[in-house]
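Novice: Positions 3 to 281 (my numbering) are the ones given, in order, by the sequence shown.
Here a beta-carbon is modelled for each residue, glycine too, at the ideal position from N, C-alpha and C.
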Amino acid sequence: MKTGNIYIPKPAVIEKVEVEEPETWTFTLGTPLEHTPGQFVEISIPGYGEAPISIASPSGEKLMLTVRRTGTLTGALHRKKVGEMVGIRGPFGRGWPHQEAQGETLLLVAGGIGLAPVRPIIEDAYRGRLNYERLLLLYGAREPALLLYKKDLDRWAKKLEVFVTVDRKNGCETAPKVWDGRTGVVTELFKEVDFSPGRTWALVCGPPIMMHFATKGLISKGVPLNRIHLSLERHMKCGMGICGHCQIGGKYVCKDGPVFSVHEALSWREIPDELEGVA
Ligand SMILES: Cc1cc2nc3c(=O)[nH]c(=O)nc-3n(C[C@H](O)[C@H](O)[C@H](O)COP(=O)(O)OP(=O)(O)OC[C@H]3O[C@@H](n4cnc5c(N)ncnc54)[C@H](O)[C@@H]3O)c2cc1C
Ligand code: FES
Numbered sequence: 003m004k005t006g007n008i009y010i011p012k013p014a015v016i017e018k019v020e021v022e023e024p025e026t027w028t029f030t031l032g033t034p035l036e037h038t039p040g041q042f043v044e045i046s047i048p049g050y051g052e053a054p055i056s057i058a059s060p061s062g063e064k065l066m067l068t069v070r071r072t073g074t075l076t077g078a079l080h081r082k083k084v085g086e087m088v089g090i091r092g093p094f095g096r097g098w099p100h101q102e103a104q105g106e107t108l109l110l111v112a113g114g115i116g117l118a119p120v121r122p123i124i125e126d127a128y129r130g131r132l133n134y135e136r137l138l139l140l141y142g143a144r145e146p147a148l149l150l151y152k153k154d155l156d157r158w159a160k161k162l163e164v165f166v167t168v169d170r171k172n173g174c175e176t177a178p179k180v181w182d183g184r185t186g187v188v189t190e191l192f193k194e195v196d197f198s199p200g201r202t203w204a205l206v207c208g209p210p211i212m213m214h215f216a217t218k219g220l221i222s223k224g225v226p227l228n229r230i231h232l233s234l235e236r237h238m239k240c241g242m243g244i245c246g247h248c249q250i251g252g253k254y255v256c257k258d259g260p261v262f263s264v265h266e267a268l269s270w271r272e273i274p275d276e277l278e279g280v281a
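1. Just to confirm the assignment, what range does the beta strand (DSSP E) spanning M238 have?
2. Could you work out which residue in G243, T167, M213 is closest to K193 when comparing CA atoms only?
3. With P260 and G224 assumed to form a contact (beta carbons below 8 Å), what rounded beta-carbon distance in angstroms separates them?
4. Locate the alpha helix (DSSP H) running through Y128, then write down its first and last residues.
5. Would P11 pass as a contact of G77 if the rule is Cβ separation under 8 Å?
6. Is any non-hydrogen atom of ligand 1 found closer than 7 Å to the C-beta of I55, if you look at the structure I gave you?
7. Cβ atoms of Q41 and G113: under 8 Å apart, would you say?
8. Is A53 closer than 8 Å to M66 when the C-beta atoms are compared?
9. For L137, collect the residues of the same chain with a Cβ closer than 6 Å to its Cβ; drop the 5 residues on either side in sequence, then sort them by chain order.
10. Take the Cβ of P237 as the centre, count every other Cβ of all protein chains shown within 10 Å, and call the residue buried at 16 or more, exposed below.
11. So is the beta-carbon of I124 under 7 Å away from any non-hydrogen atom of ligand 1?
12. Can you check DSSP and say which residues form a bridge with R229?
13. Whole-angstrom Cβ separation of G32 and V15, contact assumed at under 8 Å?
14. What do you get for P13, buried or exposed, if any count of 16 or more other CB atoms within 10 angstroms of its CB means buried?
15. Taking 8 Å as the threshold (C-beta atoms), are V195 and L149 in contact?
16. Mind checking which residues open and close the alpha helix (DSSP H) that includes E266?
17. Does DSSP put W27 in a helix, a strand or coil?
18. Buried or exposed, going by whether 16 or more other CB atoms sit within 10 Å of the CB of T72?
19. Examine ligand 1 and report whether any of its heavy atoms sits within less than 7 Å of the Cβ of A118.
20. Are the beta-carbon atoms belonging to K171 and W158 less than 8 Å from one another?
21. Which value, in whole angstroms, describes the spacing of the CA atoms of G132 and S61?
22. Which residue wins for smallest C-alpha separation from Q101, given the options R229, M213, Y151, A118?
23. Could you name each continuous beta strand (DSSP E) segment of 3 residues or more that falls completely within the region 65-149, going from the start of the chain to the end?
24. Looking at H100 and ligand 1, is the gap between the Cβ and the nearest heavy atom below 7 Å?
25. Between which two residues does the beta strand (DSSP E) holding A216 run?
26. Hey, how far is the Cα of I221 from the Cα of G186?
27. Can you give me the C-alpha to C-alpha distance between H265 and W203, rounded to a whole angstrom?
28. Measuring only from the beta carbon, is M87 closer than 7 Å to any heavy atom that is part of ligand 1?
29. Here's a check: name, in chain order, each residue in its chain whose Cβ is nearer than 7 Å to the Cβ of W27, leaving out the five neighbours to either side.
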């Protein structure tokens with residue numbers, strides 16, 4: 003699918019719904035979309051508005067969106083059934099610099115639903131479409147039940163270096179009965195992994211506090227500021243640099259980002275909260 007007029011949503015049918023955890027579901031839409039990983043689409047439902055959602059599927063494949071129910075639009079989406087329609091505009095924004103990292107080490111640091119925007123890169127690397135010297139995924143969730151893409155994590159671990167941790171072992175009743183994996187916040191994983199900082203590109207996505215500490219950790223490991231990239235989340239309306247809703251430091255997060263290097267963001271007149279005091 004290529005959306006022609008970027009103002010007009012294109013209809014897309016919901017082909018599959020997978021429950022990742024009670025509040026977060028993955029919707030596969032029946033239309034493929036070309037994009038750069040890290041970009042997002044605006045999904046709409048008449049009467050409920052529009053919301054930016056990261057693209058979780060590799061480019062050219064049926065569009066996969068992993069959506070947490072937080073309010074009006076996302077609530078209405080969770081009430082939709084297979085076979086019903088939604089509107090899609092996009093893709094929008096600047097994605098990850100993952101191509102530049104080929105031949106070197108790619109370190110992905112993701113927290114919670116922040117795994118969605120790096121999923122296309124992991125999937126392409128797993129299938130051999132991207133070639134890294136090493137691909138390390140450090141992924142953390144608050145509790146075992148909140149881990150996304152559980153089957154994918156097991157599959158990816160067969161070829162890639164996958165490290166998963168949870169803040170605490172127990173949680174809601176859907177948690178696996180026994181969690182015998184790691185516990186601790188995702189930045190604890192830095193102690194376990196060894197990488198050459200000058201040959202590493204780090205892509206970070208998750209809650210603001212996690213991005214703050216992950217960036218600090220990467221800097222202290224010696225990764226250069228222009229090799230650390232974050233995906234910033236801000237309130238958006240138009241998604242394409244017109245309304246000004248998402249502005250920070252003179253940049254439009256929707257159009258100039260959502261992906262920015264730490265080097266770039268630290269030069270803005272208004273430093274994003276995520277990076278306050280990191281360097
Ligand atoms: C680039 C980008 C990519 C995103 N990708 C995903 C994704 O893959 N999956 C996903 O579930 N969510 C994602 N989000 C967040 C998602 O867009 C919001 O949760 C959604 O807009 C909420 O819409 P709503 O109508 O359901 O909620 P509303 O009824 O509008 O709001 C419900 C609550 O959520 C808060 N809220 C709304 N939007 C945001 C926001 N952008 N940041 C912080 N708080 C917000 C509101 O202040 C309010 O408290 C992304 C956001 C951005 C900017
Ligand atoms: S959302 Fe309108 S300018 Fe970014």
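Specialist: On the basis of the coordinates in this document:
1. Element bounds for M238: n/a, residue is neither H nor E.
2. Among G243, T167, M213, the Cα nearest to that of K193 is on T167.
3. In fact, because the Cβ distance is near 26 Å, the residues do not count as touching under 8 Å.
4. 121-128
5. no
6. yes
7. Not a contact, by the Cβ cut-off of 8 Å.
8. no
9. L108, A127, L162
10. A small correction: the amino acid at residue 237 is His; Pro does not occupy that position in the sequence shown. H237 comes out exposed.
11. no
12. When DSSP reads this structure, R229 sits in no beta bridge, so it has no partner.
13. Taking C-beta atoms under 8 Å as the contact rule, G32 and V15 qualify, at a distance of about 4 Å.
14. So P13 counts as exposed.
15. no
16. From DSSP, the alpha helix (DSSP H) with E266 extends over 264-267.
17. strand
18. Exposed, since its Cβ has fewer than 16 Cβ neighbours within 10 Å.
19. yes
20. Between K171 and W158, the gap from beta carbon to beta carbon reaches 8 Å or more.
21. The sequence given here places Leu at residue 132; Gly does not occur at that position. Rounded to whole angstroms, L132 to S61 spans 12 Å at the Cα level.
22. When only C-alpha atoms are compared, the closest one is R229.
23. Qualifying beta strand (DSSP E) stretches, in chain order: 87-94, 107-113, 136-143.
24. no
25. Careful: A216 lies outside any beta strand (DSSP E), inside the alpha helix (DSSP H) at 210-223.
26. 20 Å
27. 13 Å
28. no
29. V19, E20, V21, V69, H80
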